[in-house]
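Structure first, then comments.
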Amino acid sequence: MHCLLIVKKPKIQFITCRIVSRILSLLLFMKISMILRMAEILESHKTSC
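If you want it as structure tokens, here you go:
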């Protein structure tokens, strides 16, 4: 069923792939920014102590 849909509507599959990749890249960016923020907080704690 799913394979038939992909064959019939490649444009929809392409759009879905684009959306999924966009979401994944956004999540990765959020993860990296969170890690950087945590590192910043740790550094400030080190200097203040």
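Residue numbers (this note's numbering): 465 to 513.
We treat Cβ as the ideally placed atom computed from N, Cα and C, and that holds for glycine.
What separation, rounded to the nearest whole angstrom, lies between the Cα atoms of residue i and residue j?
i           : j           : result
residue 477 : residue 486 : 14 Å
residue 495 : residue 484 : 16 Å
residue 504 : residue 512 : 12 Å
residue 490 : residue 475 : 23 Å
Let me confirm a value: residue i is counted as buried when at least 16 other C-beta atoms fall within 10 Å, else exposed. Which label applies?
i           : result
residue 465 : Bear in mind that a pLDDT of 47 at residue 465, under 50, signals an unreliable position, so the number given afterwards is only what the model happens to contain. Its Cβ having fewer than 16 others within 10 Å, residue 465 is exposed.
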